[in-house]
Amino acid sequence: MNLPRLLLLCCILFTAPVYAVVETYDFSDPALEQRYLDLSQELRCPKCQNQTIADSNAPIAADLRKQLYLQLEAGASDDEIRQYMVDRYGEFVRYRPRFGGMTTMLWLAPGVLLVMAALVAWLSLRRRPGAAARDTGLSDEERQRLKALLGDGDRKE
Amino acid sequence: MPARLKLFLPLIIFAVLAVFLVKGLYLDPQELPSALIDRPLPAFTLPALDSDRTLDKAAVTGKVALFNVWATWCITCRYEHPFLTQLSQRGVLIYGINYKDDDAAADKWLQDLGNPYKAVIADRDGSLGLDLGVYGAPETYLVDADGVVRYRQVGVVDEKVWDDVLGPLYHQLGGEGGQ
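So the protein sequences, as listed, match chains A and B.
Heads up: the first sequence begins at 1 in the working numbering, then just goes up one per residue.
Heads up: the second sequence begins at 1001 in the working numbering, then just goes up one per residue.
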């Protein structure tokens, strides 16, 4: 391999870190790192409309990740960290909002809708008994013809 | 006749949905309610931008004031700056929070463009900003005489924002000037 090629190869090899937007932290304990990953997936970037702080490369998301790291290393519990974020940025920062108050409807709506859908389905299905098993309305002769036609289609392939 | 009424059910559902969706068109998704409204300004001890003294909460509270979060990297802040200058000339008390910025650049900005601030808190690493729930610049907080946050404006404070929202609140809380 000639020198220019080698140089080019080296350049390409060393550009990878440039593309890494998310900084890395050294955790004293792998368990902390796992909690960091979980929490950063659960906290929402206040600047962006729909990204977690793990996803976003907005400056504020980087600040919050740093804060998350510092607090985890300082021994804060998950709930303490969530509360810290909510105290500053409101319930908006939580992708898994707490139950109660404003969010009651949010939590209950899927269940309520499911029950309603089941009820509607049951009511409308009940009114036509044996709907699924109902006769197709074809006579024996027609059925034979259908079979022949379908069989015909198969043979051509 | 319930059977005939049932025919209108899709239309009714559509109408209800349409009302919500149309309303949604006019909501600003960037507008986040501040978690700090009606809560005290967070405590802090940070250097002042222009001198060696340090500023803390006690030094900047006691009167109704605006706290303007700004930075030289923030282009919208430059757009907002002339109106802040105008407000300060009209006697409105404004403190600056220089957010995650370079001191020298900030000094130069104030020298070049004028200084509308009574004092500027140098929040170099954004710690006060974090406690305030700042997620970008500019943001402006209205703090009353007891040091309680009353309102937050995300984005530019201009003539319209001042006349419609910020000004009336400022005067209602007993703020001086701004006429």
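We treat Cβ as the ideally placed atom computed from N, Cα and C, and that holds for glycine.
Between the CA atoms of residue j and residue i - distance to the nearest angstrom
i: residue 1096 of chain B; j: residue 1115 of chain B; result: 9 angstroms
i: residue 1170 of chain B; j: residue 1150 of chain B; result: 9 angstroms
i: residue 1139 of chain B; j: residue 1061 of chain B; result: 18 angstroms
i: residue 1166 of chain B; j: residue 1125 of chain B; result: 28 angstroms
i: residue 1064 of chain B; j: residue 1172 of chain B; result: 10 angstroms
i: residue 32 of chain A; j: residue 1133 of chain B; result: 25 angstroms
i: residue 113 of chain A; j: residue 1013 of chain B; result: 14 angstroms
i: residue 1174 of chain B; j: residue 1069 of chain B; result: 22 angstroms
i: residue 11 of chain A; j: residue 61 of chain A; result: 30 angstroms
i: residue 1031 of chain B; j: residue 1002 of chain B; result: 44 angstroms
i: residue 1127 of chain B; j: residue 1111 of chain B; result: 25 angstroms
i: residue 157 of chain A; j: residue 141 of chain A; result: Confidence in residue 157 of chain A is poor, its pLDDT being 46 and thus under 50, which makes the residue's placement too unreliable to answer from.
i: residue 80 of chain A; j: residue 128 of chain A; result: 56 angstroms
i: residue 1135 of chain B; j: residue 1152 of chain B; result: 12 angstroms
i: residue 1033 of chain B; j: residue 27 of chain A; result: 34 angstroms
i: residue 149 of chain A; j: residue 137 of chain A; result: 18 angstroms
i: residue 73 of chain A; j: residue 1040 of chain B; result: 28 angstroms
i: residue 1176 of chain B; j: residue 1094 of chain B; result: 11 angstroms
i: residue 1021 of chain B; j: residue 1028 of chain B; result: 13 angstroms
i: residue 1019 of chain B; j: residue 89 of chain A; result: 29 angstroms
i: residue 1083 of chain B; j: residue 51 of chain A; result: 33 angstroms
i: residue 1016 of chain B; j: residue 1074 of chain B; result: 41 angstroms
i: residue 1043 of chain B; j: residue 108 of chain A; result: 38 angstroms
i: residue 119 of chain A; j: residue 110 of chain A; result: 14 angstroms
Cβ-based neighbour list, residue i, same chain, cut-off 7 angstroms, excluding 5 preceding and 5 following
i: residue 159 of chain A; result: Nothing in the structure corresponds to residue 159 of chain A, since chain A is present only between 1 and 157.
i: residue 93 of chain A; result: 43, 44, 46, 85, 86
i: residue 1156 of chain B; result: 1076, 1079, 1080, 1138
i: residue 69 of chain A; result: 25, 36
i: residue 1179 of chain B; result: 1090
i: residue 1045 of chain B; result: 1054, 1056
i: residue 1103 of chain B; result: 1049, 1122
CB contact below 9 angstroms: residue i versus chain B
i: residue 128 of chain A; result: no
i: residue 115 of chain A; result: no
i: residue 29 of chain A; result: no
i: residue 87 of chain A; result: yes
i: residue 110 of chain A; result: no
i: residue 49 of chain A; result: yes
i: residue 46 of chain A; result: yes
Within-9 angstroms CB hit, residue i to chain A
i: residue 1105 of chain B; result: no
i: residue 1153 of chain B; result: no
i: residue 1010 of chain B; result: no
i: residue 1100 of chain B; result: yes
Sequence-distant residues of its chain with Cβ nearer than 6 angstroms to residue i (five each side left out)
i: residue 1101 of chain B; result: 1071, 1072
i: residue 3 of chain A; result: none
i: residue 53 of chain A; result: 40, 43, 45, 61, 64, 65
For residue i: DSSP bridge partner residues
i: residue 1139 of chain B; result: B/1069, B/1154
i: residue 1094 of chain B; result: B/1066
i: residue 1120 of chain B; result: B/1096
i: residue 1055 of chain B; result: B/1046
i: residue 86 of chain A; result: For residue 86 of chain A, which the question treats as bridged, DSSP gives no partner whatsoever.
i: residue 94 of chain A; result: A/43
i: residue 1148 of chain B; result: B/1040
Cβ-based neighbour list, residue i, same chain, cut-off 8 angstroms, excluding 5 preceding and 5 following
i: residue 1007 of chain B; result: none
i: residue 1106 of chain B; result: 1049, 1071, 1072, 1098, 1120, 1122
i: residue 96 of chain A; result: 42
i: residue 1059 of chain B; result: 1119
i: residue 151 of chain A; result: none
message = Closer than 7 angstroms between beta carbons: that is the criterion. Which residues of the segment 1119-1132 of chain B meet it against chain A?
response = Considering only beta carbons, the part of the segment 1119-1132 of chain B lying closer than 7 angstroms to chain A consists of 1126, 1130, 1131, in chain order.
key: Interfacial residues, the segment 53-68 of chain A to chain B, with Cβ spacing under 7 angstroms   = 60, 63, 67
request  = Would you list, in chain order, the members of the segment 1024-1041 of chain B that have their beta-carbon closer than 9 angstroms to a beta-carbon of chain A?
outcome  = Look at the segment 1024-1041 of chain B: the residues with a C-beta under 9 angstroms from a C-beta of chain A are 1029, 1030, 1032, 1033, 1034, 1035, 1036, 1039.
inquiry  = So if I threshold CB-CB distances at 7 angstroms, which residues from the segment 1132-1150 of chain B count as touching chain A?
reply    = 1133, 1135, 1136
task = Residues of the segment 90-107 of chain A with a CB closer than 7 angstroms to any CB of chain B: list them in chain order, please.
result = 90, 92
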